[in-house]
Amino acid sequence: RILLWSDDETRLPSNVLNGAQRTEREEQEAALLRSFEHEMREAPGATGYYLVGNRLGHSRHFVTEVTRLLGSQGGIRVPAEFFDASYKIEGAEGRCARSVLGDVLALAKQVRRVPQPFSVRTTLSTESSVQRGGDLVAHLTSVLAGPSQGPKLRFIDGAAGSGKTIAFNALAAGLYGEFIAAKRARQRRARPIVFLPEHLRGKRVGYVDDIVSAVAETDVAELTSPEQLKWLLRNGQSLWMFDGLDEFYAGGSDFFSFVEEALTAPNSRAQFIICVRDSLLNSSSPVRDFIERRTTAGNDVEIYELCPWRAEAWHELARLELEGSQDGARSSARVESFVATLKGSKEIA
Numbered sequence: 056r057i058l059l060w061s062d063d064e065t066r067l068p069s070n071v072l073n074g075a076q077r078t079e080r081e082e083q084e085a086a087l088l089r090s091f092e093h094e095m096r097e098a099p100g101a102t103g104y105y106l107v108g109n110r111l112g113h114s115r116h117f118v119t120e121v122t123r124l125l126g127s128q129g130g131i132r133v134p135a136e137f138f139d140a141s142y143k144i145e146g147a148e149g150r151c152a153r154s155v156l157g158d159v160l161a162l163a164k165q166v167r168r169v170p171q172p173f174s175v176r177t178t179l180s181t182e183s184s185v186q187r188g189g190d191l192v193a194h195l196t197s198v199l200a201g202p203s204q205g206p207k208l209r210f211i212d213g214a215a216g217s218g219k220t221i222a223f224n225a226l227a228a229g230l231y232g233e234f235i236a237a238k239r240a241r242q243r244r245a246r247p248i249v250f251l252p253e254h255l256r257g258k259r260v261g262y263v264d265d266i267v268s269a270v271a272e273t274d275v276a277e278l279t280s281p282e283q284l285k286w287l288l289r290n291g292q293s294l295w296m297f298d299g300l301d302e303f304y305a306g307g308s309d310f311f312s313f314v315e316e317a318l319t320a321p322n323s324r325a326q327f328i329i330c331v332r333d334s335l336l337n338s339s340s341p342v343r344d345f346i347e348r349r350t351t352a353g354n355d356v357e358i359y360e361l362c363p364w365r366a367e368a369w370h371e372l373a374r375l376e377l378e379g380s381q382d383g384a385r386s387s388a389r390v391e392s393f394v395a396t397l398k399g400s401k402e403i404a
């Protein structure tokens with residue numbers, strides 16, 4: 056039998072507390088210890104877990120007593136220690152294990168990327184668009200690293216060749232690295248779960264459970280059901296990321312029904328990132344109807360649009376690829392020739 060307590064309160068480190076704050080913490084911890092002791096006494100042989108967002112901020116006495124009261128196998132845990140399922144690439148044979156996530160991480164490592172400026176809007180109309188500049192990957196990494204403000208679906212939109220997949224892979228790799236670091240440090244962070252066409256090859260897929268099962272089979276090392284992965288999503292323990300599945304979104308699947316249910320569930324903390332072609336947002340009735348319905352009902356949808364490539368970005372990328380440097384002070388003849396070719400291209404200009 057397992058007894059579970061959960062506490063999302065963010066606590067200050069012990070070394071910054073004043074006298075009144077220390078007294079308040081002592082009273083709170085004493086009340087918790089009394090609760091643990093009573094409940095564990097009523098459940099002989101049970102193991103207890105106290106789930107916290109961060110292990111920092113508790114007194115040494117409290118940590119010792121919790122460990123004693125909740126049993127040798129229980130104690131204080133962060134959610135990733137309790138709920139997270141290991142992935143194939145994280146095992147002892149991770150480098151040899153074939154997984155879609157492993158391929159994404161490898162591709163992100165190989166690609167040299169320059170900042171990708173973007174705009175953001177909260178409706179289908181481009182009139183609501185706000186230019187943000189900067190770099191989309193850095194922005195989303197920062198936003199997703201902070202505490203969840205509720206459920207959110209973020210579309211990454213862009214024309215063919217705008218760099219959506221490059222941004223997606225870089226974002227997935229960065230978020231995955233931060234998740235692993237946070238898990239090792241026993242801190243809360245959502246695990247990114249990627250959904251790609253590779254999960255569907257050779258399979259007949261029409262429903263969300265089909266693609267979720269494919270991910271569990273391809274990437275997860277432990278036996279995991281679609282319902283388990285959905286629970287982690289709704290409770291903010293995972294972030295679902297989709298790329299290259301435009302036909303699946305816009306087809307006859309139950310995809311947007313599932314997404315809408317996850318966003319609107321009571322106390323939901325679901326987070327989605329979906330890469331789409333700009334043509335899909337312009338022409339797909341299922342996609343447009345879903346976005347219009349959600350933007351009318353609330354603020355749980357945002358559309359991030361990658362800006363078109365500019366000459367400055369071409370120069371920067373050419374210097375990086377051809378000269379191995381992003382230094383803007385000098386450009387070689389090779390760089391200038393490359394950029395001139397791009398400027399003269401009807402497909403790109």
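Residue 404 is where the sequence shown ends in the working numbering, and the numbering goes up by one at each step.
Here a beta-carbon is modelled for each residue, glycine too, at the ideal position from N, C-alpha and C.
For residue i, the nearest candidate out of the options (CA to CA)
| i | options | result |
| --- | --- | --- |
| Arg407 | Ala276, Phe210, Phe310, Arg168 | Within the shown structure, residues of the chain are numbered from 56 to 404, placing residue 407 beyond reach of any answer. |
| Thr351 | Asn322, His254, Ser180 | Ser180 |
| Glu182 | Glu360, Ala388, Ser392, Arg389 | Glu360 |
| Arg176 | Leu336, Ser340, Ser308 | Leu336 |
| Tyr231 | Ser340, Arg110, Met296 | Met296 |
| Leu106 | Leu87, Arg77, Phe137, Ser90 | Phe137 |
| Asp265 | Glu277, Ala215, Phe303 | Phe303 |
| Leu255 | Glu92, Asp298, Thr122, Ala163 | Asp298 |
| Leu318 | Asn290, Ser184, Val185 | Asn290 |
| Thr78 | Val185, Ser308, Ser114 | Ser114 |
| Ser141 | Phe234, Gly74, Arg80 | Phe234 |
| Thr65 | Gly74, Thr178, Gly201 | Gly201 |
| Val270 | Gly157, Ala214, Ser308 | Gly157 |
| Lys219 | Ala236, Trp364, Thr122, Glu272 | Trp364 |
| Leu162 | Gly74, Gly229, Asp301 | Gly229 |
| Gly353 | Gly216, Lys164, Thr178 | Thr178 |
| Gln204 | Thr279, Glu97, Ala325 | Ala325 |
| Ser61 | Ser184, Asp301, Ala135, Ser217 | Ala135 |
| Arg96 | Ala320, Arg123, Gly146, Pro321 | Arg123 |
Beta-carbon spacing of residue i, residue j below 7 Å
| i | j | result |
| --- | --- | --- |
| Phe223 | Val263 | no |
| Ser293 | Ala245 | yes |
| Phe327 | Leu208 | yes |
| Cys362 | Pro172 | yes |
| Arg167 | Ile221 | no |
| Pro281 | Ser268 | yes |
| Arg349 | Val342 | no |
| Ala276 | Pro247 | no |
| Leu87 | Glu120 | no |
| Ala305 | Ser339 | yes |
One or two residues paired with residue i in a DSSP bridge
| i | result |
| --- | --- |
| Met296 | Val249, Ile328 |
| Asn109 | Gln242 |
| Arg209 | Ile328, Glu357 |
| Thr351 | Paired residue(s): none; Thr351 is not in a bridge. |
| Tyr104 | Leu59, Gly130 |
| Val185 | Val175 |
| Tyr142 | Val275 |
Nearest-angstrom beta carbon gap, residue j and residue i [assumed within contact, 8 Å]
| i | j | result |
| --- | --- | --- |
| Val192 | Asp274 | Wrong, their Cβ atoms sit about 22 Å apart, outside the cutoff. |
| Asp63 | Gly108 | 5 Å |
| Phe345 | Glu315 | 7 Å |
| Gly112 | Ser69 | 7 Å |
| Pro170 | Asp190 | 4 Å |
| Val133 | Val249 | That belief does not hold up - the Cβ atoms of Val133 and Val249 are roughly 23 Å apart, past 8 Å. |
| Ser323 | Pro206 | 4 Å |
| Ile144 | Arg110 | 26 Å between Cβ atoms; not a contact. |
| Glu94 | Phe117 | Rounded, the Cβ-Cβ distance is 16 Å, inconsistent with contact. |
| Leu125 | Phe91 | 6 Å |
| Ile358 | Asp212 | 6 Å |
Chain B within 7 Å of residue i, Cβ atoms only
| i | result |
| --- | --- |
| Arg123 | The displayed structure is made up of one protein chain only, and chain B is not part of it. |
Contact between the segment 93–101 and the segment 232–250 (3+ Cβ pairs under 8 Å): no
May I ask you to verify whether the segment 275–289 touches the segment 186–200, counting CB pairs closer than 8 Å and requiring at least 3? no
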